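*Asks:* Counting from 214, one number per residue, gives the positions in the sequence shown under this note's numbering.
For each residue, glycine too, the CB sits at the ideal point set by N, CA and C.
Nothing here was measured: the structure is a model prediction, and the numbers come from that model.
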Amino acid sequence: MLRSLLSCALLIAVGFSAAPLSAQQDVKVQKPVSKVPVAKLSEVFFKTVPDSLEDLQEIERQVTSLTRTAIESTVSVRVGEAQGSGVIIDNKAGYILTAAHVIGLAQKNATIILHDGRTLKGRTMGLNRGLDAGLVKLIEDDDVDISKLSAVKMGDVSEVESGEWVLATGHPNGYQSGRDPVVRLGRVVSRKKHLLQTDCTLIGGDSGGPLFNMQGQVVGIHSRIGPSTSWNFHIPVSAFQDDWEKLIAGDMWGAKPLGQNAVLGVNGEDTDRGCKVIGVTRGFPAEIAGLQTDDIIVQLNDEKITGIEQLAEVVQQYKPGQTVQIILIRAGKNMTFEVQLAARD
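1) Could you compute how far the alpha carbon of Leu351 sits from the alpha carbon of Arg495?
2) Can you pull the DSSP bridge partners for Trp378?
3) Given a cut-off of 7 Å, decide if Glu372 and Val401 are closer than it, judged by their beta-carbon atoms.
4) Indicate the three-state DSSP secondary structure (helix, strand or coil) for Phe258 in the structure shown.
5) Using a Cβ-Cβ cutoff of less than 7 Å, which residues in the same chain neighbour Ser286 once the five nearest sequence positions on both sides are dropped?
6) Cα separation between Ala381 and Pro423?
7) Could you say if the segment 341 to 358 and the segment 446 to 460 meet the contact criterion of at least three C-beta pairs nearer than 8 Å?
8) Mapping the DSSP letters down to three states, classify Phe453 as helix, strand or coil.
9) Per DSSP, which one or two residues make a beta bridge with Thr324?
10) By how many angstroms is the C-alpha of Ser298 removed from the C-alpha of His384?
11) Among Arg331, Arg281 and Thr411, which residue has its Cα nearest to the Cα of Val396?
12) Between the beta-carbon of Leu318 and the beta-carbon of Val357, is there less than 7 Å?
13) Taking the Cβ atom as the reference point for each residue, do Glu526 and Gln538 lie within a distance shorter than 7 Å?
14) Okay, do the segment 432 to 439 and the segment 404 to 417 touch, 3+ Cβ pairs below 8 Å being the bar?
15) With DSSP run on the structure shown, which of helix, strand or coil describes Val370?
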């Protein structure tokens with residue numbers, strides 16, 4: 214009953230229906246500030262689940278208050294044949310956060326489509342391929358006053374907790390004329406240093422779009438979309454805040470471009486023995502090799518595995534097509550598997 218009430222409440226809440234900057238130019242770099250004053254949230258947002266109609270109505274009110282700005286600050290980002298989403302975080306300098314895999318390279322022309330269909334020119338700036346963080350800058354346009362565009366602040370990821378309510382926007386299946394960015398409500402499944410996981414439903418085209426906390430601040434950027442509704446991963450905005458100067462300068466660093474990155478195909482969580490597998494992606498190398506949910510991965514080739522993020526870093530040391538040996542614990546027994554890594558599309 215509560216789930217039905219919540220669904221109805223949320224349907225009501227979201228029913229709305231110059232020259233490019235180069236790395237050589239002198240710029241005044243102002244690092245984004247994460248600590249900004251925000252209104253205190255109702256206690257309903259700190260409950261495990263809403264337990265009354267009043268709770269659902271309070272959630273509806275808060276979501277409704279955030280939706281318009283969230284929609285208006287969300288943009289479509291197109292670079293060549295690639296397209297994704299992004300969010301305006303500075304309407305003076307014209308900065309847009311997106312995913313590195315959406316923009317591909319620095320110093321490329323980009324097309325930015327606003328929520329109302331207006332089109333602007335942009336230029337890709339820096340990108341951290343390792344964390345999938347990318348920056349785009351709007352180019353001044355005589356027909357559009359950039360300073361009047363909606364922009365949002367970045368939040369403090371260190372304060373994000375598992376179970377926290379969040380709001381995701383983006384352009385699923387790419388920009389569609391006459392359709393505003395789509396809004397989805399969900400909760401944080403887990404927070405790690407370089408990764409946020411939520412159950413906000415995302416599909417292709419949402420990549421690069423923003424994840425908001427319930428105070429309207431951007432806390433993450435959509436990066437990877439899994440086969441399950443709870444397998445959605447976002448880059449914490451700390452990836453942008455920590456390396457803001459490099460992004461502004463147009464630097465490129467981190468992992469190799471997509472297509473050259475190896476992928477194993479598991480989702481996991483840290484344990485004191487290694488990385489516990491909590492999901493195996495259908496059709497990916499891990500499933501093909503025979504890995505299962507609840508396996509505990511303890512070693513990959515000669516590298517001891519201590520957790521999911523460290524496992525991902527180790528996998529990236531290899532190329533697609535290479536075969537690695539994985540040692541794991543299953544039902545108390547040590548087992549060894551040969552896994553041929555694939556390429557991340």
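*Replies:* Put simply:
1) Numbered from its first residue, the sequence shown carries residue 351 at position 138. Numbered from its first residue, the sequence shown carries residue 495 at position 282. Cα-Cα distance, rounded: 39 Å.
2) Along the sequence shown, one-based indexing puts residue 378 at 165. Under DSSP, Trp378 forms a beta bridge with Arg400.
3) For this step, residue 401 is matched to residue 188 along the sequence shown. For this step, residue 372 is matched to residue 159 along the sequence shown. No, the pair does not count as a contact, with Cβ atoms beyond the cut-off.
4) Position 45 of the sequence shown holds residue 258. Three-state result, Phe258: helix.
5) The residue labelled residue 286 in the question sits at position 73 within the sequence shown. Correct list, in chain order: Val300, Ile301, Ser363, Ala364 and Val365.
6) Within the sequence shown, residue 381 is the residue found at index 168, counting from 1. Within the sequence shown, residue 423 is the residue found at index 210, counting from 1. Going from the Cα of Ala381 to the Cα of Pro423 covers about 6 Å.
7) These segments touch.
8) Numbered from its first residue, the sequence shown carries residue 453 at position 240. Phe453 falls in the helix class under three-state DSSP.
9) Indexing the sequence shown from 1 puts residue 324 at position 111. Looking at the DSSP assignment, Thr324 forms a beta bridge with Arg291 and Lys334.
10) Taking the sequence shown and counting its residues from 1, one reaches residue 384 at position 171. Taking the sequence shown and counting its residues from 1, one reaches residue 298 at position 85. Here the C-alpha atom of His384 lies approximately 6 Å from the C-alpha atom of Ser298.
11) Counting from one through the sequence shown, the residue named residue 396 turns up at place 183. When only C-alpha atoms are compared, the closest one is Arg281.
12) Working through the sequence shown from its first residue, we reach residue 318 at position 105. Working through the sequence shown from its first residue, we reach residue 357 at position 144. The beta carbons of Leu318 and Val357 sit no closer together than 7 Å.
13) As a position in the sequence shown, residue 526 is number 313, starting the count at 1. As a position in the sequence shown, residue 538 is number 325, starting the count at 1. For Glu526 and Gln538, no; Cβs fall outside 7 Å.
14) Touching, yes, given that three or more Cβ pairs across the two stretches are closer than 8 Å.
15) Your numbering for residue 370 matches position 157 in the sequence shown. In this structure, Val370 counts as helix in the three-state DSSP scheme.
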